[in-house]
Amino acid sequence: MRLGELLEQIDYECVQGTVDTDVRNLINDSRKVEEGSLFFCIKGAVTDGHSYVPDVVAKGAKVLVVEEPVEAPADVTVIRVPDSRYAMALMSAAYFGYPANEMRIIGVTGTKGKTTTTYMVKSILELAGYKVGLIGTIEAIIGDEVIPAHNTTPESYTIQEYFRRMADVGCQVVVMEVSSQGLMLGRTAGIPFEIGIFTNIEPDHIGPAEHKSFEDYLECKSRLFKQCKYGILNADDPHLEAILQGHTCEVETFGLSESAGVRAEDLKLVSHPGYLGIAYTVSWKNKNGNGENAGETRFDVEIDIPGKFSVYNSLTAIAICRHFQVQPEEICRALKGAKVKGRVELIKVSDDFTLMIDYAHNAMALQSLLETLREYHPHRLICLFGCGGNRSKLRRYEMGEVSGRLADLTIITSDNPRFEEPEAIIADIVTGMEKTDGKYVKITDRKEAIAWAIHHGEPGDIIVLAGKGHEDYQEIRGVQYPMDERVLIREILEEDAKNQ
-3 MRLGELLEQI DYECVQGTVD TDVRNLINDS RKVEEGSLFF CIKGAVTDGH
47 SYVPDVVAKG AKVLVVEEPV EAPADVTVIR VPDSRYAMAL MSAAYFGYPA
97 NEMRIIGVTG TKGKTTTTYM VKSILELAGY KVGLIGTIEA IIGDEVIPAH
147 NTTPESYTIQ EYFRRMADVG CQVVVMEVSS QGLMLGRTAG IPFEIGIFTN
197 IEPDHIGPAE HKSFEDYLEC KSRLFKQCKY GILNADDPHL EAILQGHTCE
247 VETFGLSESA GVRAEDLKLV SHPGYLGIAY TVSWKNKNGN GENAGETRFD
297 VEIDIPGKFS VYNSLTAIAI CRHFQVQPEE ICRALKGAKV KGRVELIKVS
347 DDFTLMIDYA HNAMALQSLL ETLREYHPHR LICLFGCGGN RSKLRRYEMG
397 EVSGRLADLT IITSDNPRFE EPEAIIADIV TGMEKTDGKY VKITDRKEAI
447 AWAIHHGEPG DIIVLAGKGH EDYQEIRGVQ YPMDERVLIR EILEEDAKNQ
């Protein structure tokens, strides 16, 4: 592709060479450069791409996109831009022929609820006959192809590549998670979002290589609403006004308060052994073509996922799907069957008690989950979890304290120990536990811990396996070993059947 075509939406200065040159591919990883490549010199948190110029030129890079002066051979074109990441996003879109323009793009941002909301939207729209692509924390889904994710929001080149492939297989809609990091690093720059979603915001991702403050985190989230046509936001979040600061979109809201445009009321917890859910009534005012009131839409919803947060997630999905003229009966049927791997995922093991898998892997998420499950008044609330190695010890203390306060019994086990000893991590969790009166047992091997939980389950118990969620591996000393909790549970039940 000609360099000039790639630069058509970019402010740039050609400081050396000519834009009338061919580009073989776009690369931001110096290890992948080959003859004829265009290389983006990006300043990262750890390394600066400008320092790799001699290496990539030696490998055959013919175009450099830079933010600061570099020395390069005369036959290498040097393009200077204000922001290499932003340039990469827009040039990647051009490289793949602006595929987002061929589909309707929905972006979901927020501290919690992004993953579940995207799957709910996909479920509803597919039932209504749309072909939907998905990009998120767990995976990207392109037609029948499923690609495991490495980042919630991939690098801009990867997003545009996925968009191209989605458009080529006939996707009409893409629903994607948009992380604060993705917005901050320009990964979503230039994407013409039709709908932007705000679920909620709480202090998170604040620290080295992430956000310097909560205010910075909030500001990054708010950028989505300067880049979408319609903004659909949580009316009940106390930071709503700050998120909308400087917005350029048409605003709609959802929530439980009377001010919400799409509103849930009459919430009812639904439970029986092996099942937890929630039911409510949703309503909104209709408008005619002149913007005048034209009656009310009102119907009942039940979801097979427990908790008030499930109401918010499903309300978000409903508010989105109104833009696609999906009928209430299709919405209800899709929501009833919507499942998300590792997000309050119920696993049937007994007629007496309930067992679930959830990704809660920090104190904030674990507290939210356990408080939600407490509302169902279990006989006992049992929490099994571990913490990752080579990560903050504070997280271990905090999670231990949260589980000690809110669970009737905690089973402390191994997560991804990485290069630490599992027993040392468990000892740190116990430090937090012992700030409470919570009861606990220590079982290092995760399969043994899960088996112990199942074998000691009592009628009316809720058992939650926290921390791993959708992950299907355990990382030990640099190696990822297969370990899917669903498989472990199945093996335990099969072994029990053989021993009866």
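Residue numbering for the sequence shown is -3 to 496, as defined by my numbering. Every residue gets a Cβ at the ideal spot worked out from N, C-alpha and C, and that includes glycine. Computed from a prediction, not measured in an experiment: that's the story for all the values here.
Just checking, does the stretch 423 to 433 make contact with the stretch 309 to 327 on the three C-beta pairs under 8 Å criterion? no
With a threshold of 16 other CB atoms inside 10 Å of the CB of Asp347, please say whether the residue is buried or exposed. Here residue 347 is taken as the residue at index 351 of the sequence shown, counted from 1. Classification of Asp347: exposed, given that the 10 Å Cβ count is below 16.
So, helix, strand or coil for Glu298, using DSSP? Counted from its first residue, the sequence shown places residue 298 at position 302. Strand.
Quick one: what does DSSP say Thr105 is sitting in, helix, strand or coil? Sequence index remark: in the sequence shown, residue 105 carries index 109 (1-based). Reduced to three states, the DSSP call for Thr105 is strand.
So Ser176 and Lys217 are in contact, right, with Cβ under 8 Å, and what is the actual spacing, rounded? Here residue 176 refers to the residue found at position 180 of the sequence shown. Here residue 217 refers to the residue found at position 221 of the sequence shown. Yes, Ser176 and Lys217 are in contact; Cβ-Cβ is about 5 Å, under 8 Å.
I'd like the ranges of any beta strand (DSSP E) spanning at least 3 consecutive residues and lying wholly in the stretch 400 to 468. 405 to 408, 435 to 438, 458 to 462
Just grab the DSSP bridge partners of Val170 for me. Along the sequence shown, one-based indexing puts residue 170 at 174. Ile101, Gly129.
What separation, rounded to the nearest whole angstrom, lies between the Cα atoms of Glu173 and Lys108? As a first step, residue 173 is located in the sequence shown; it is residue number 177 there, counting from the start. As a first step, residue 108 is located in the sequence shown; it is residue number 112 there, counting from the start. Taking the straight line from one Cα to the other gives about 11 Å.
From Arg401, Leu402, Glu371, Ile421, residue whose alpha carbon lies closest to that of Ser388: Mapped onto the sequence shown, residue 388 falls at position 392. Per the Cα distances, Ile421.
Alpha carbon to alpha carbon, how far is Gly166 from Ala96? Give it in angstroms, no decimals. The sequence position of residue 96 within the sequence shown is 100, counting from 1. The sequence position of residue 166 within the sequence shown is 170, counting from 1. Their Cα atoms are separated by approximately 12 Å.
Give the list of continuous beta strand (DSSP E) stretches no shorter than 3 residues that lie fully inside the stretch 132 to 165. 135 to 138, 141 to 144
Could you pull out every residue in the same chain whose Cβ sits closer than 6 Å to the Cβ of Gly338, ignoring the five residues on either side in sequence? Position 342 of the sequence shown, counted from the first residue, corresponds to residue 338. Ile353, Tyr355, Gly465, His466.
Can you tell me whether DSSP reads Ile23 as helix, strand or coil? Along the sequence shown, read from residue 1 onward, the residue named residue 23 stands at position 27. Ile23: strand per DSSP, three-state reduction.
Indicate whether the contact test is met: 3 or more Cβ pairs, each with one atom in the stretch 297 to 309 and one in the stretch 269 to 285, closer than 8 Å. yes
Whose C-alpha, out of Leu123, Leu220, His268, is nearest the C-alpha of Pro374? Numbered from 1 along the sequence shown, position 378 holds the residue referred to as residue 374. Here the closest residue by C-alpha is His268.
Which runs of the alpha helix (DSSP H), 4 residues or longer, sit entirely within the stretch 284 to 369? 304 to 317, 324 to 333
Contact test: Ile458 Cβ vs the ligand FAD heavy atom, cutoff 7 Å: In the structure shown, the ligand FAD is absent, as is every other ligand, since no ligand is present at all.
Ala185 versus Val11 - alpha carbon distance: The sequence position of residue 185 within the sequence shown is 189, counting from 1. The sequence position of residue 11 within the sequence shown is 15, counting from 1. Ala185 and Val11 have their C-alpha atoms spaced approximately 24 Å apart.
So, Val169 versus Met99, is the Cβ gap smaller than 8 Å? Translated into the one-based positions of the sequence shown, residue 169 becomes position 173. Translated into the one-based positions of the sequence shown, residue 99 becomes position 103. Contact: yes.
In three-state terms, what does DSSP make of Gly192? Locating residue 192 in the sequence shown gives position 196, where the first residue counts as 1. Strand at Gly192.
Distance check for Glu491 and Leu402, CA to CA, integer angstroms please. In the sequence shown, counting from the first residue as 1, residue 402 sits at position 406. In the sequence shown, counting from the first residue as 1, residue 491 sits at position 495. In this structure, the straight-line span from the alpha carbon of Leu402 to that of Glu491 is close to 32 Å.
Residues in its own chain within less than 7 Å of Met116 by CB, not counting five upstream and five downstream? As a working note, residue 116 is residue 120 in the sequence shown. Cβ neighbours of Met116 beyond the five flanking positions: Asn309, Ser310, Ala313, Leu331, Ala334.
Tell me the rounded alpha-carbon separation between Lys28 and Gly192. Counting from 1 along the sequence shown, the entry for residue 28 is found at position 32. Counting from 1 along the sequence shown, the entry for residue 192 is found at position 196. About 34 Å.
Have a look at Gly456, Leu22, Ile6, Tyr8 and flag the residue whose alpha-carbon is nearest the alpha-carbon of Met(-3). Position 1 of the sequence shown holds residue -3. That would be Leu22, whose Cα lies nearest to the Cα of Met(-3).
Alpha carbon to alpha carbon, how far is Thr149 from Ala493? One-based indexing of the sequence shown puts residue 149 at position 153. One-based indexing of the sequence shown puts residue 493 at position 497. Approximately 43 Å between the Cα atoms of the pair.
Considering only the beta carbon of each residue, do Val72 and Val62 sit closer than 8 Å? Here residue 72 refers to the residue found at position 76 of the sequence shown. Here residue 62 refers to the residue found at position 66 of the sequence shown. No, the Cβ-Cβ distance between Val72 and Val62 is not below 8 Å.
Comparing alpha-carbon positions, which option in Asp25, Ile378, Thr277, Ala260 lies nearest Asp51? Position 55 of the sequence shown, counted from the first residue, corresponds to residue 51. Checked all of Asp25, Ile378, Thr277, Ala260; the closest Cα to Asp51 is Asp25.
Using a threshold of 8 Å, state whether the C-beta atoms of Ala462 and Leu390 are closer than that. The residue given as residue 462 occupies position 466 in the sequence shown. The residue given as residue 390 occupies position 394 in the sequence shown. Taking 8 Å as the Cβ cut-off, Ala462 and Leu390 do not qualify as a contacting pair.
Check for me: the alpha helix (DSSP H) holding Thr113 runs from which residue to which? Counted from its first residue, the sequence shown places residue 113 at position 117. First-last of the alpha helix (DSSP H) with Thr113: 110 to 123.
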